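Top line first, the protein sequences correspond to chains Z, U, D and C.
Oh and the first sequence: position 217 is 216 in numbering that gives the first Met the number 0, straight run, nothing missing.
Oh and the second sequence: position 372 is 371 in numbering that gives the first Met the number 0, straight run, nothing missing.
Oh and the third sequence: position 107 is 106 in numbering that gives the first Met the number 0, straight run, nothing missing.
Oh and the fourth sequence: position 137 is 136 in numbering that gives the first Met the number 0, straight run, nothing missing.
Taking it in order: structure first as structure tokens, then the write-up.
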Amino acid sequence: MSILAEATTLATTVDATGATFWMPEAASSVSGKIDWIFEFINVICYIFLVLVTVVLVWFAVKYRRKSEGQEILGEGPTHGLALELTWTIIPTGIVVAIFWVGMIGYIDLRESPEDSYEVSVTAQQWSWAFAHPDYGVIEGNELHVPLNRPVRLIMGSADVLHSLYVPAFRVKQDVVPGRYSSLWFTAIKPGSYQLYCTEYCGKDHSKMLATVHVLPEDEFQAKMGKLAREYEDLPEADLPAYALTKLYNRCSSCHSLDGEVRSGPTFKGLWDRVARGEGAFTNGRTLQEYMGPGGEYELPENYLRESILNPGKLIRENYANVMPNNFASQLKPRQVEALVLMMKHLDRLADEGWIDEDGNVQQPEMPSVNSSASRDVENMEEGG
Amino acid sequence: MTTLELNPDQPKLVDDNYLNHTRGLWSWLFTLDHKRIGVMYLVAVLSSFFVGGVFALLVRTQLLTPGGAIMSQQQYNQAFTLHGGIMVFLVIIPSIPAALGNFVLPIMLGAKDVAFPRLNLMSFWLWIVGALFFVGALFSGGLDTGWTFYTPYSIDSRPEVGAMGGVIPAVTGAFILGFASIFTGMNFIVTIHRLRPPGMTWFRMPLFLWGIYATAVLQVIATPVLGITLALLAVERAFGIGIFNPELGGDPVLYQHFFWFYSHPAVYIMILPAMAIISDLVAVHSHRHIFGYRFIAFSSIAIALFSFLVWGHHMFTSGQSALVNVIFSAITFSVAIPSAIKVFNWLATMYKGSISWNTPMLYTMGFIFIFTIGGLTGLHLGTLATDVHLHDTYFVVAHFHYVMMGSALIAMIAGLHHWWPKITGRMYNENWGRFGFLLVFVGFNVTFFSQFMLGSQGMPRRYATYPEESGFQIYHVISSVGSYVLAVGFFVTAGYLAQSIFSGRRAPANPWGGRSLEWQCSSPPPHDNFSETPTVGDCYDFTVLEWKSEEEGYVWRSDSKRPGQESPEAS
Amino acid sequence: MSDHHDGHDSGGHAVPIKILAITCAALLFLTAVTVWVASLDFDILQLPGINIFIALLVASIKVLIVGLIFMHLRWDRSFTGLVFVSSIFFVVLFISIAITDTREYQPAVIQTDSEQIQQKIDKLDHSLDGYAGHGHDHGDGDDEH
Amino acid sequence: MSQLDVQPDAHSADHGHGHDHEHPPHLGHHWENSKQQFEAGKLGMWLFLATEVLLFGGLFVAYAVWRANHPEIFKYGSQYLDTAMGAINTCVLLLSSMTMAMAVTFAARGRNLAVVICLILTLFGAGGFMVIKYFEYSHKFHEGFLPGMAFYEQPNASHLWLPLQEEAQQEQARLAIETTEANEAFAAEVKSRDELPAAPVTAEPTSIPLGATGVTGLTTNELEWERSELGIFLPPKLVDTIENQGPMLDYAEHHSPGELPDLPHPLQDPERPANAQKFFTIYFLMTGLHGIHVVIGGIVIVWLIWLTVRGRFNKGYYTPIDLGGLYWHIVDVIWIFLFPLFYLI
Ligand code: HEA
Ligand code: HEA
Ligand code: CUA
Ligand SMILES: [Cu+2]
């Protein structure tokens with residue numbers, strides 16, 4: 000009983016964020032329970048570790064051989080059934096208890112409440128898309144969820160295994176291609192939490208990160224409303240910056256902004272090349288043949304748009320057909336437009352300080368452009 | 000007569016020993032002598048360990064800074080894959096059975112050789128070929144799948160997003176290494192069954208042999224499944240047969256079942272021989288009869304059998320069904336019981352012993368401490384609710400380094416020191432040995448204890464970079480510093496061991512006071528192991544031995560009776 | 000049984016040729032039986048999988064015979080038998096857990112055309128009704144040999 | 000022998016390590032006597048057979064799991080196997096098993112001529128089996144019942160994940176790409192914004208399968224890579240031949256009526272269940288691995304014949320024949336399971 004009591008005290012000595020010595024901050028309805036189980040096992044481990052270590056050191060010191068010449072007496076028993084049974088039965092009892100506690104806790108983790116708020120998650124190398132069917136919103140690498148409401152994520156993968164993990168919620172589930180997996184949690188504290196991909200998925204596995212924002216119900220509704228209209232409401236002039244800061248993160252692992260060759264062509268100078276019709280395709284033809292009046296693409300914009308929505312159609316020489324072709328279902332027309340405009344105005348964006356020399360997006364500072372809408376979004380997140 | 004007759008306990012100091020029995024490189028490379036094969040395995044395994052260790056240091060160095068200090072993402076992925084793969088397939092699985100076991104098993108048994116010497120040699124050469132293939136993966140496109148080769152990533156050969164081209168060479172290598180391991184196991188089972196000389200009954204065998212026997216059972220039964228798994232993986236990657244590839248209707252979770260059906264038993268292929276070494280060393284260096292012989296012996300067999308029933312505990316969050324999760328979690332804990340029995344029996348063996356604080360014993364005590372931590376943290380992982388949080392974080396990394404590096408490998412090093420005089424005929428410097436142990440022990444715990452904290456805080460494994468604001472950096476720095484200490488420790492160890500070969504004191508037949516048969520032959524042993532037929536008795540009864548300072552080793556006590564003799568042999 | 004040796008140095012067991020011939024005849028007979036049974040239709044029994052069950056049962060009996068007589072297990076040490084049986088045991092263990100799990104998680108797997116699958120099987124069964132020689136007819140399967 | 004040789008448990012004193020008894024040439028230096036060596040060899044062989052069982056076991060697991068979850072594939076596929084051929088092959092193997100067992104018996108009796116005859120008969124069995132298998136295989140190859148990708152079709156809904164409700168999403172996607180109006184509107188929009196010269200829009204509406212998210216089926220590019228990986232093992236010419244055979248689409252031309260009268264070729268069969276190619280995949284994997292074992296068994300038998308003819312065996316020593324026999328029987332045992340699992344569904 001004292002073990003239990005001690006475990007409870009340990010588990011409850013938490014700081015303001017709910018973090019303990021071992022565990023990170025706790026922000027979901029199950030965190031406390033999991034932490035308790037963890038500490039419960041810990042206490043058992045401490046006891047046995049101390050026991051083993053003390054006995055080990057004690058014997059080693061007490062029965063230390065003074066010199067090699069010391070006579071070997073052969074004292075002490077060579078077997079003892081009572082002892083053997085003791086140290087078989089006690090650990091058996093303990094592990095049964097641990098298993099039981101763990102199983103109960105696990106069942107809670109698996110059975111999601113009926114009235115959960117559902118979000119569809121698509122994982123692909125190396126980004127996350129979160130879709131809110133109720134609001135017609137798709138977010139990339141960011142997930143907004145309501146406070147104190149069970150949320151159920153229904154997850155699928157477009158390529159290889161991934162795993163969705165939010166340490167603060169103590170939940171994790173692999174996302175497996177070829178099937179749906181699901182996960183639920185109830186966030187109990189507003190704030191932003193790190194989300195990781197914890198199943199190795201290739202080169203940029205460690206960059207497959209996202210943030211979960213927990214918002215109180217009313218703010219959540221407002222946020223969803225805003226996100227749903229975000230693109231529509233945005234002033235035209237802000238579209239490129241919007242695309243750069245909000246959408247480009249899902250392109251960045253393959254398309255650089257500084258000329259570096261990644262899996263896909265760099266965006267730097269792309270517009271000019273396309274406008275001039277430069278570049279050849281794996282089918283042996285050149286872009287020139289497709290462009291211009293009477294060609295397949297009247298305008299560079301049309302070519303770029305199709306490259307986003309139907310990337311497999313024409314593959315640039317020296318590149319492979321690796322771009323996911325499901326963006327049509329994840330981007331709204333105006334977002335596509337924004338992306339195309341972004342490519343078009345990349346130089347301007349760089350001049351304005353949105354992009355630094357190394358081709359990194361400078362998200363936090365929002366320089367000259369009058370981006371009221373985006374700023375609202377930022378405010379909202381900080382307020383949350 | 001000669002002094003040898005006066006002192007029959009001390010075998011002849013034969014000048015013709017297995018090391019110089021025949022000469023020339025050829026006589027080594029194609030030897031059928033189990034001792035030489037063991038030594039060649041030892042050299043091979045230790046070299047691989049250094050290669051794996053260098054990769055480990057690269058990994059640790061990369062993680063000093065959140066953005067990654069020295070490598071690109073892809074280089075890092077290759078570094079940890081090769082680190083893990085080399086350490087598992089090339090180092091730790093063959094280390095104790097194939098290297099040390101090959102050397103001592105027949106001698107301990109009182110046999111002249113293993114049952115199938117040619118098969119033994121073939122096993123070694125298969126190892127070499129397998130190792131070349133495995134490491135060749137690095138040069139045939141690179142290998143970045145992690146040591147688990149999870150599908151569908153590993154069968155996706157698209158250059159930019161899929162696994163690199165080294166997958167097929169690497170799985171071919173692992174396949175071949177698997178057969179090297181199978182042949183070792185088969186050989187040992189047959190040797191133990193059929194080559195025990197009269198008098199060497201099952202319960203007279205040193206516990207080392209029990210452990211190796213249990214290991215061999217695992218090697219024979221589990222490893223073929225790895226073989227077929229990897230073969231399927233290669234065929235899937237090359238031809239697209241749709242067994243593991245979801246695009247063709249295959250099932251990636253089924254692959255994980257296949258993989259862990261072997262690889263969980265494999266972790267006991269690593270730890271059982273380690274426990275076997277410890278069981279013997281703790282008795283010899285405590286100069287005290289082992290406590291609970293039968294319990295230790297049978298717990299080895301129990302671990303071997305249970306270990307086939309728990310593979311699914313690596314798949315708790317993989318999409319395995321809840322029902323099977325619960326079953327596997329329950330059975331997982333059953334393995335903890337025989338392990339606990341062993342730990343407590345070792346402690347009880349030390350009770351009222353006469354404990355030498357020499358290097359092998361220090362490593363042995365280090366093992367008991369580290370294995371307790373490593374094993375106990377296995378409980379966190381076997382528990383469903385907590386494993387969901389801990390899976391694929393550094394907590395798991397810390398757990399398995401505690402049991403693989405801190406236990407299995409440390410036991411191997413303990414055994415290496417223990418049998419070093421027997422293998423080389425030379426004594427190493429004991430003080431340097433203790434100093435090396437200190438560095439390794441401290442370095443190890445600093446490196447990996449911090450990783451427990453990293454893991455429970457949420458740091459995922461196989462990450463080349465980590466978010467700056469996560470607060471993980473400080474732990475990573477501590478861990479990396481620890482790994483440098485560890486490296487210095489091994490460097491020191493390698494140094495004094497190498498030195499001993501050239502200028503070490505000549506080893507007596509029995510420097511520690513062991514009673515199993517290998518201490519009855521000279522150091523190093525003669526070509527045929529025994530110039531005199533050894534006597535089998537209770538190999539844990541040390542009271543019959545005494546220290547003889549002229550020999551600087553232990554000899555038969557003048558007033559005690561040898562087994563098989565009617566009266567004490569007066570000299 | 001382990002001590003049942005007929006004494007020569009190498010220790011193997013010489014099984015009389017007659018026994019071998021009888022064994023082989025039995026095996027051939029069982030082969031015929033299993034082919035014949037596979038052609039029967041057990042639909043009336045309402046036992047799905049009865050065909051495969053019988054087929055595996057017959058196969059197991061055959062393997063038992065081969066093992067005991069041809070492979071001398073009957074005269075060997077029981078440990079050799081144990082080796083063989085336990086290898087089969089572990090395969091069975093693996094199969095049963097893998098099937099249990101994959102069946103349990105099937106609902107989460109995205110099926111391409113699940114509703115149609117059953118129809119297809121039914122249709123298949125019917126279309127095969129008139130076709131002899133492939134094990135699904137009601138005939139006596141005489142054209143098997 | 001000295002007093003030291005006395006073992007506490009030894010019942011007789013002559014079990015020491017001395018070399019004072021007869022040591023025939025076949026006996027390794029570390030063995031006491033032929034019997035010990037024989038028994039060890041036998042145990043070793045059995046352990047090896049156990050590893051063979053587990054090696055095949057992996058494939059049986061794959062088979063069992065697929066069959067349990069997709070019986071329709073197996074029902075469908077097995078129609079294309081010829082039960083008669085399978086049954087004949089079973090009999091061939093059983094008979095050869097018998098001749099092998101007879102060889103062992105004769106060896107134990109020291110009748111080497113009979114041993115050679117039995118082994119040759121066994122070899123005929125192995126050869127016969129492979130010949131029949133060759134006919135079966137070549138027929139399958141010919142008709143395109145190939146493992147792997149042969150019948151693979153891009154699944155229409157596939158595993159690939161569609162984040163929103165399917166209909167709404169399709170609608171949206173259609174709006175996004177397919178309609179010419181959208182294209183025009185897009186161009187107009189952009190034009191109005193950037194005052195680029197207007198131009199008539201004639202872009203063709205594209206159509207991509209909606210389900211084909213992410214990694215698609217084998218595209219040309221992927222085939223290129225597949226090819227390069229095959230290249231590790233096979234010479235380029237062979238790779239080309241394999242690749243260019245394609246999925247045997249011209250089956251219809253070569254289709255020989257009367258062979259499988261009522262069965263349409265799977266590629267033309269609208270009733271073919273999804274993933275039907277898997278049956279042939281598993282079929283070829285398992286029978287292929289088994290076939291390899293038959294070939295190895297054949298080689299072993301040839302070796303045994305050679306040794307027997309050279310007079311290496313006698314009544315007291317014929318271990319290789321006994322062990323080779325065990326290997327041959329396990330090949331038989333595995334086939335005994337394969338036959339009903341594939342042919343008798
Ligand atoms: C030598 C290797 C070795 C050994 C011996 C062990 C031993 C154990 N392991 Fe470990 N394990 C690995 C190597 C090993 N493991 C590896 C390599 C991985 C990760 C692979 C990868 O993903 O890359 C892993 C991962 C792993 C997981 C999966 C984690 C995850 O990925 O989410 C789990 C889960 O159950 C687990 C559990 C256990 C348990 C219960 C034991 C038990 O056997 C431990 C038993 C020992 C004790 C319990 C201590 C001694 C007992 C006492 C001192 C008495 C007191 C005891 C009680 C009260 C019970 N291990
Ligand atoms: C027996 C197995 C074994 C051993 C001994 C080790 C030893 C070490 N491991 Fe290993 N490790 C694994 C098995 C092992 N590891 C496995 C299986 C994985 C998982 C891989 C995967 O995810 O796929 C892993 C993963 C792994 C990671 C996680 C990587 C990640 O997930 O991103 C880390 C990180 O710290 C790490 C560190 C270390 C360190 C510092 C050591 C140290 O203990 C090493 C100490 C040894 C040395 C330092 C060698 C001495 C060298 C010198 C002294 C240099 C001198 C050179 C010459 C003389 C030539 N290992
Ligand atoms: Cu996605 Cu890791
Ligand atoms: Cu495990």
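The beta-carbon is built from N, C-alpha and C at its ideal position, and this holds for glycine as well.
What you are looking at is a predicted structure, and each value in this text was computed from that prediction instead of being measured.
Do methionine 86/U and ligand 2 come close, with the Cβ less than 7 angstroms from some heavy atom?
-> yes
Would you mind telling me which residues of chain C sit closer than 7 angstroms to lysine 61/D, beta carbon to beta carbon, in chain order?
-> Ile335
Say whether chain E places a C-beta atom closer than 8 angstroms to the C-beta of phenylalanine 52/D.
-> The structure shown has no chain E; the protein chains it does contain are Z, U, D and C.
Beta carbon of tyrosine 116/Z nearer than 8 angstroms to that of methionine 223/Z | no
Cutoff 7 angstroms; reference valine 90/D; Cβ partners in own chain excluding five residues on either side = none
Indicate, with yes or no, if ligand 4 has a heavy atom lying under 7 angstroms from the CB of histidine 655/U.
-> Because chain U here runs from 0 to 570, residue 655/U falls outside it and cannot be looked at.
Minimum Cβ-Cβ distance from valine 32/D to chain C less than 8 angstroms | no
Where the beta strand (DSSP E) through glycine 145/U begins and ends = Premise fails: glycine 145/U is in no beta strand (DSSP E) and is neither H nor E.
Contact belief for valine 387/U with arginine 169/Z at Cβ below 8 angstroms, rounded distance in angstroms | 7 angstroms
Sorted by chain position, which residues of the same chain lie with C-beta nearer than 8 angstroms to tyrosine 152/U's C-beta, five sequence neighbours on each side aside?
-> Thr144, Gly161, Ala162
Closer than 7 angstroms, Cβ to Cβ, to anything on chain C: give me those residues from the segment 202-219 of chain U, in chain order.
-> Val219
Are the segment 276-295 of chain C and the segment 260-280 of chain U touching by the rule of at least three beta carbon pairs closer than 8 angstroms?
-> no
Distance cut 5 angstroms, beta-carbon to ligand 3 heavy atom: residue list by chain order = His161/Z, Cys196/Z, Cys200/Z, His204/Z, Met207/Z
Measure the C-alpha to C-alpha separation of alanine 202/C and serine 262/Z and round it to an integer number of angstroms.
-> Because the pLDDT at alanine 202/C is just 28, under 50, the model does not fix this residue reliably, and the value given afterwards should be weighed accordingly. Spanning the two alpha carbons is a distance of roughly 27 angstroms.
Can you list, in chain order, the residues of its chain whose CB lies under 7 angstroms from that of threonine 281/Z, leaving out five sequence neighbours each side?
-> Ile314, Glu316
Three-state class that DSSP yields for glutamine 193/Z in the structure shown = strand
Count the other CB atoms, across all protein chains shown, that sit within 10 Å of the CB of isoleucine 354/Z; report buried if there are 16 or more and exposed otherwise.
-> buried
Run down chain U in chain order and give the residues with a C-beta less than 9 angstroms from the C-beta of methionine 22/Z.
-> His388, Ser455, Gln456, Gly457
Return yes when the C-beta of histidine 398/U is under 7 angstroms from any heavy atom of ligand 2, and no when it is not.
-> no
Is any heavy atom of ligand 1 found at a distance shorter than 7 angstroms from the C-beta of proline 112/Z?
-> no
Note down, in chain order, each residue of its chain lying with its Cβ closer than 7 angstroms to the Cβ of glutamate 300/Z, except the 5 sequence neighbours on either side.
-> Val339
Could you give the uninterrupted runs of the beta strand (DSSP E) lying entirely in the segment 75-142 of chain Z, keeping only those of 3 residues or more?
-> 116-123, 126-131, 136-139
Buried or exposed by the 16-neighbour rule on C-beta atoms within 10 Å, applied to glycine 177/U | buried
Span of the alpha helix (DSSP H) around arginine 293/U = 292-305
Taking the C-alpha atoms as reference points, what is the distance between leucine 438/U and glycine 79/Z?
-> 37 angstroms
If you measure from the beta carbon of leucine 128/Z to each beta carbon in chain U, is any gap under 8 angstroms?
-> Per the sequence shown, the amino acid found at residue 128/Z is alanine instead of leucine. For alanine 128/Z, the answer is no, since every Cβ of chain U falls outside 8 angstroms of its Cβ.
What in chain U is Cβ-close to serine 77/D, meaning under 8 angstroms?
-> Under the 8 angstroms cutoff, chain U gives no residues; its nearest Cβ is about 13 angstroms from serine 77/D.
Alpha carbon to alpha carbon, how far is tyrosine 17/U from alanine 508/U? Give it in angstroms, no decimals.
-> 14 angstroms
Cβ of glycine 140/U within 8 angstroms of any chain Z Cβ = no
Can you list, in chain order, the stretches of the alpha helix (DSSP H) that have 4 or more residues and sit fully within the segment 72-148 of chain C?
-> 82-108, 111-142
Please classify histidine 141/C: is it buried, with 16 or more other beta-carbons within 10 angstroms of its beta-carbon, or exposed?
-> exposed
Taking 7 angstroms as the cut-off, is the CB of threonine 147/U close to at least one heavy atom of ligand 1?
-> yes
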